[in-house]
């Protein structure tokens, strides 16, 4: 037990130290890039997390160095039944609706204890959880949920849908209700594990489990066990990812029954239904079909996807974020350096070469593809390369089927690039550098795509404009040959 605890503490500290190193390295890359673009770039501002100063055990470098002593101390406390986590740091994280969510940041040794007991509890009890509960497990993930929903909905032209969400799910769970579940429904929880669980719960309030503790992930599924079970007993089809739940049925009375079950759970567990984010009952249909309900939908948004009878698409909110990031990369490289009161260390395009344009294309490709090149994608699609690792933003959407959406995104990408180049050309003229007669400023959109494809930089086609459709087709090939877990971005398992 002591050695296992020491190992977990080292793992937690190493994870956080690597994260800090990555932050530091990114700052250096940004600084070096700015030195090429500006005469006097802003100095690197290296910051430490504010809570590192609260206690040394928040600092991963200190914890790595003293992991053995720390593990021994915690081990003795656990064995003597007196372990309590040290006071955590409460961090406010902004939400998309303008409100904030409180995230509990535990000291590294306490986070390791939480992770250790979460893994113990999950390994003993995951067989008890519903197959339709997809969050916080090592045998389910977000993409399994999306696939199960999409496959089922595609088999019917019309389906009744119920969508609901809870208000402050983690923060309002009743401790009394939670403790009742310990001895119900066949869960295996030792006395030591019960003490550890109680030690991580907020004192004296009687409600809430901390959002930011691994052990809370197990408790969230434990609390919802009876909710899931009642859906199943009544033949109601559903998918639940933490507190995000979608329910569907061909029978209207079953959807109504689902709301009774939800209301009962809400009252018993102390978790209120978020009326503002819960759309109630709708009829999901193909476009053009008649509908007897006033509330009709042609798609539902769930966990980053839009799901319709015919397609899986990237939801519109996520599309806007993707477009915003690509537009920023173009602005940062092509427009911003020319907008100041004077030019400072800006490389002016010449001889059909624009280094800033090349940098923008490389950054967009990395954003979409990760570290894959166009040649690697083509070799993989042609069978010349047996396996590749998918990482970029598109690896968060391995189950897409809406090729029309991706074709439109490719068209948008070409258009926004040509618009950025036209604006760059106008800004260059203000500085008395007319580049209208050189590439890439002397071509239209169709010509730009072709010229970028055949132009070689150091013998490589680095300028080729990336394609949503091309990376999608590569991911589809990987999906068929190797499965969801092999091609998906690992971070997508930590949705929200």
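Residue numbers (our numbering): 134 to 629.
Cβ coordinates follow ideal geometry from the N, Cα and C atoms, glycine included.
Do residue 348 and residue 251 come within 8 Å of each other at the CB atom, strictly closer than that value?
yes
Just tell me which of 416, 418, 395 and 169 has its CA closest to the CA of residue 407.
395
Since residue 404 contacts residue 299 with CB under 8 Å, what's their CB separation in whole angstroms?
5 Å
Given residue 376 as reference, the closest of 363, 555 and 306 once Cα atoms are compared:
The shortest C-alpha separation from residue 376 is found at 306.
Quick check on residue 475: buried or exposed, where buried means 16 or more other Cβ atoms within 10 Å of its Cβ?
exposed
So what's residue 222 in DSSP terms, helix, strand or just coil?
Correct three-state label for residue 222: strand.
Within 8 Å, strictly: CB atoms of residue 344 and residue 248:
No, the Cβ-Cβ distance between residue 344 and residue 248 is not below 8 Å.
Helix, strand or coil for residue 628, going by three-state DSSP, please let me know.
Only weak support exists for where residue 628 lies, its pLDDT of 43 falling under 50; the value from the coordinates is given anyway. Residue 628: coil per DSSP, three-state reduction.
Per DSSP, residue 381 forms a beta bridge with which residues?
294 and 370
Collapsed DSSP secondary structure at residue 492 in the structure displayed
helix
When the Cα atoms are used, what is the spatial distance from residue 384 to residue 534?
27 Å
Helix, strand or coil, according to DSSP, for residue 483 in the structure here?
strand
By the 10 Å Cβ neighbour count, where 16 or more other Cβ atoms means buried, how is residue 284 classified, buried or exposed?
exposed
Under 8 Å between the Cβ atoms of residue 546 and residue 459?
yes
Nearest-angstrom Cα distance between residue 575 and residue 569?
So the two alpha carbons sit approximately 5 Å from each other.
Straight-line CA distance for residue 338 to residue 304?
10 Å
DSSP on residue 442, reduced to helix/strand/coil?
coil
Does the distance from the C-beta atom of residue 500 to that of residue 526 stay below 8 Å?
In terms of Cβ geometry, residue 500 and residue 526 form a close pair [threshold 8 Å].
Within the same chain, show all residues whose beta-carbon is closer than 6 Å to that of residue 351, passing over the 5 residues directly before and after it, in chain order.
251, 254 and 255
Indicate the three-state DSSP secondary structure (helix, strand or coil) for residue 235 in the structure shown.
strand
Between residue 390 and residue 282, what straight-line distance do the alpha-carbon atoms span, to the nearest angstrom?
20 Å
Please determine if the region 509–517 and the region 598–608 are in contact, where contact requires at least 3 C-beta pairs separated by less than 8 Å.
yes
What's the gap between the Cα of residue 439 and the Cα of residue 452?
11 Å
At least 3 beta-carbon pairs within less than 8 Å: the region 187–198 vs the region 147–156:
yes
Where does residue 227 sit, in a helix, a strand or coil, going by DSSP?
strand
For residue 342, which option in 529, 167, 301 and 226 has the closest C-alpha, if you only look at C-alpha atoms?
301
Expected contact under 8 Å - CB spacing of residue 490 and residue 467 to nearest Å:
At roughly 7 Å, the Cβ-Cβ gap stays under 8 Å, so residue 490 and residue 467 are in contact.
Should residue 464 and residue 401 be called a contact, given that it needs their Cβ atoms to be closer than 8 Å?
no
Would you be able to state if there are at least three C-beta pairs under 8 Å between the region 547–557 and the region 581–590?
Touching, yes, given that three or more Cβ pairs across the two stretches are closer than 8 Å.
Sub-8 Å separation of residue 523 and residue 373 beta-carbons
no
Mind checking who residue 130 pairs with in its DSSP beta bridge?
A query on residue 130 cannot be resolved here, the shown segment of the chain reaching from 134 to 629 and no further.
For the beta strand (DSSP E) that contains residue 307, what are its first and last residues?
Segment: none, residue 307 is in no beta strand (DSSP E) and carries neither H nor E.
Smallest Cα separation from residue 355: which of 292, 322, 366 and 371?
322
According to DSSP, simplified to helix, strand and coil, what is residue 472?
coil
Ignoring anything shorter than 4 residues, give me the alpha helix (DSSP H) runs that lie fully in the region 160–219, in order along the chain.
193–198 and 200–212
Using the DSSP secondary-structure output, state which residues sit across from residue 284 in a beta bridge.
DSSP output for residue 284 lists no bridge partner at all.
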